[in-house]
Amino acid sequence: MATQTSTKVIGGGDQGFATTRLDALLGWARKYSLFNYPFVTACCGMEFMAVSSPRYDFARFGAEAPRFSPRQSDLLWVVGTISQRQAPILKRIYEQMMEPRWVMAFGTCASCGGFYDNYTTVPGIDKIIPCDVYVPGCPPRPEAVFDGLLLIQDKIASGVRKPSVVKPRMDPATDLVQLNTKKKEKES
Amino acid sequence: MSKLALEKLQAKLGPKVLETHSHLGDDTALVSADAWHEAAKLLRDDPALDFDLFVDLCAVDYPKREPRFEVVLHVYSTTKHHRIRLKTRVGDEEGEGAELDTITNVWVGSNWFERETFDMMGIIFKGHPDLRRILMYPEFEGYPLRKDYPAQKTQPLVPYRTEEEAGLGLEKVAPFGGDEGMPFGRKWFEKGAGAFGELGDVRGTQEATGPRKDG
């Protein structure tokens, strides 16, 4: 179970039924119907809007419905810097969420405080609440956020709760520029 | 630009104007603390000056000076199009007795700025209608922008999770170094590995940002 990353049908046949394990089925159902609670405090919120709006659109991954009540949501997006003054609010929001619940730290500030090494900023939300996936970046690109979302989905399916970090990737924009220049060379 | 204002201040307040400075339209008057309110009122009410727009109010900490704090006010005139900086000095070396008359009854806009200055520097504005913290939480002790506030000191409202409670190390996992985003930061100076420490300039190297392993 620990290494399983997607739902497997254990047995089945041409009789029109399939068998699987109940927790695997539940995980499969949960991973494609994430209800989000966006806890947006800072500039990463702009990137969150980009991810949720049509150009990138995380609805494609089933994480469509934002719930502005923590009681109805199962994925908490912590988007932006968490100040010491915000910390009790964040903790209370987390405690109000129903089990099972997952937390994503969106951006460097939520993950580790970023460059705010001072009297007013919490150095990472994991000092206050458990966190499942960290997405580094200031702000992270939408692609990195999708990597984080897919990591969460893998974790939901497999039941593994060990925190993990989205690996930084090359900026795809550089490839786009190269493609454009190559195209121009062909034309000329 | 507003040398006129400096002259009028000197004419009205005499020796209470301790210093003036005027260079390329950048005019500053340093007045004694007991003349603070009077000077503000003069700047607003004199028809030739007519400083009707409050711009900024803040304080600066000079830890070895006496008086220790300098309170700085910027005002602008939307009719005469000139501006002036008015300063005063308060507080002894321990930061005690840093008290000043409020100017909320001269420019209403100074209300939140005085609260901020109180919050960050601990300067008490006498006669302020609602002098309480504006940025920090009420439980916060001390004044964070004073130079003697310890740079590493935090006052969490929620106790941090311990590593036993979390069941894992809370020191940052890769790719986050312990000082992610701050290779020039305080922690490195403490380790002697800062930009000018004995280990030399490590900014931008692998050591500075922590080893990058796949998480």
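From first to last, the protein sequence lines stand for chains A and B. For what it's worth, the working numbering labels the leading residue of the first sequence as 1, then goes sequentially. For what it's worth, the working numbering labels the leading residue of the second sequence as 1001, then goes sequentially. Backbone N, C-alpha and C define an ideal beta-carbon position, used for all residues, glycine too. Since the structure is predicted, the reported quantities are computational estimates derived from the model, not experimental observations.
Quiz item: Ends of the alpha helix (DSSP H) at residue 108(A)?
Solution: Per DSSP, the unbroken alpha helix (DSSP H) holding residue 108(A) starts and ends at 108-112.
Exercise. Consider the C-beta atom of residue 1157(B) and the heavy atoms of the ligand MN; say whether any pair is separated by less than 6 Å.
Key: The ligand content of the structure shown is nil, which means the ligand MN is not present either.
Quiz prompt | residue 1078(B) classed as buried or exposed, judged by whether at least 16 other C-beta atoms fall within 10 angstroms | solution = Taking every protein chain shown into account, the CB of residue 1078(B) has fewer than 16 other CB atoms within 10 angstroms, so this residue is exposed.
Quiz prompt | When 25(A), 92(A) and 145(A) are compared against residue 125(A), the one with the closest alpha-carbon | solution = Checked all of 25(A), 92(A) and 145(A); the closest Cα to residue 125(A) is 92(A).
Quiz item: Three or more C-beta pairs closer than 8 Å, one from the stretch 150-169 of chain A and one from the stretch 65-72 of chain A: is that the case here?
Solution: With the cut-off at 8 Å, the stretch 150-169 of chain A and the stretch 65-72 of chain A do not touch.
Practice problem: With DSSP as the reference, please indicate the residues paired to residue 1028(B) in a beta bridge. | Solution: Under the DSSP definition of a beta bridge, residue 1028(B) partners with 1021(B) and 1085(B).
Exercise. Take residue 1118(B) and list the residues in its own chain whose beta-carbon comes closer than 6 Å to its own, dropping the five residues that flank it on each side.
Key: Excluding residues within five positions, the ones whose Cβ falls inside 6 Å are 1131.
Quiz item: Any beta-carbon of chain A closer than 7 Å to the one on residue 1144(B)?
Solution: Judged by the 7 Å Cβ criterion, residue 1144(B) is in contact with chain A.
Quiz prompt | Cross-chain neighbours of residue 155(A) in chain B, by beta carbon under 8 Å | solution = By Cβ distance, chain B contributes nothing, its closest Cβ being about 13 Å from residue 155(A), past 8 Å.
Self-check item: Spatial neighbours of residue 110(A) in its chain, beta-carbon cut-off 6 Å, leaving aside the 5 residues before and after
Solution: Closer than 6 Å at Cβ, skipping near neighbours: 78 and 125.
Quiz item: With a cut-off of 7 Å, does the C-beta of residue 119(A) fall near any C-beta of chain B?
Solution: Output row for residue 119(A): interface = yes.
Quiz item: Near residue 1051(B), what residues of its chain come up, given a Cβ to Cβ distance below 6 Å and the 5 sequence neighbours on each side ignored?
Solution: Non-local beta-carbon contacts of residue 1051(B) in its own chain, meaning distances under 6 Å to residues more than five positions away in sequence, involve 1043, 1044, 1075 and 1077 in chain order.
Self-check item: Under the three-state DSSP convention, the category residue 46(A) falls into
Solution: Reduced to three states, the DSSP call for residue 46(A) is helix.
Quiz prompt | Spatially closest choice to residue 1125(B) from 1063(B), 1110(B) and 1135(B), by CA coordinates | solution = Residue 1110(B) holds the alpha-carbon nearest to the alpha-carbon of residue 1125(B) among 1063(B), 1110(B) and 1135(B).
Quiz item: What residues of chain A sit near residue 1166(B), judged by a beta carbon separation below 8 Å?
Solution: Per Cβ cutoff of 8 Å: 126 and 130.
Quiz item: How about residue 1156(B): is its C-beta nearer than 7 Å to some C-beta of chain A?
Solution: At least one chain A Cβ lies under 7 Å of residue 1156(B).
Quiz prompt | Buried versus exposed call for residue 83(A) [16 or more other C-beta atoms within 10 Å across all chains shown] | solution = Buried: at least 16 other Cβ atoms inside 10 Å.
Exercise. Kindly indicate the opening and closing residues of the alpha helix (DSSP H) around residue 1012(B).
Key: Under the DSSP assignment, residue 1012(B) falls in the alpha helix (DSSP H) whose first and last residues are 1003-1013.
Quiz item: Any idea what DSSP makes of residue 1092(B), helix, strand or coil?
Solution: In the structure shown, residue 1092(B) sits in coil (DSSP, three-state: anything other than H, G, I, E or B).
Exercise. Please check the pair residue 129(A) and residue 90(A), which I expect to be a contact at CB under 8 Å, by giving their CB distance rounded to whole angstroms.
Key: Beta-carbon to beta-carbon, residue 129(A) and residue 90(A) are separated by about 7 Å, close enough to satisfy the 8 Å threshold.
Self-check item: chain A contact residues for residue 1160(B), given Cβ-Cβ distances below 8 Å
Solution: In chain order: 127 and 128.
Self-check item: chain B contact for residue 85(A) (CB, 7 Å cutoff)
Solution: Taking 7 Å as the threshold, the shortest C-beta distance from residue 85(A) to chain B falls below it.
Self-check item: Closer than 8 Å at the beta carbon, the chain B residues around residue 88(A)
Solution: By Cβ distance, chain B contributes 1157 and 1158.
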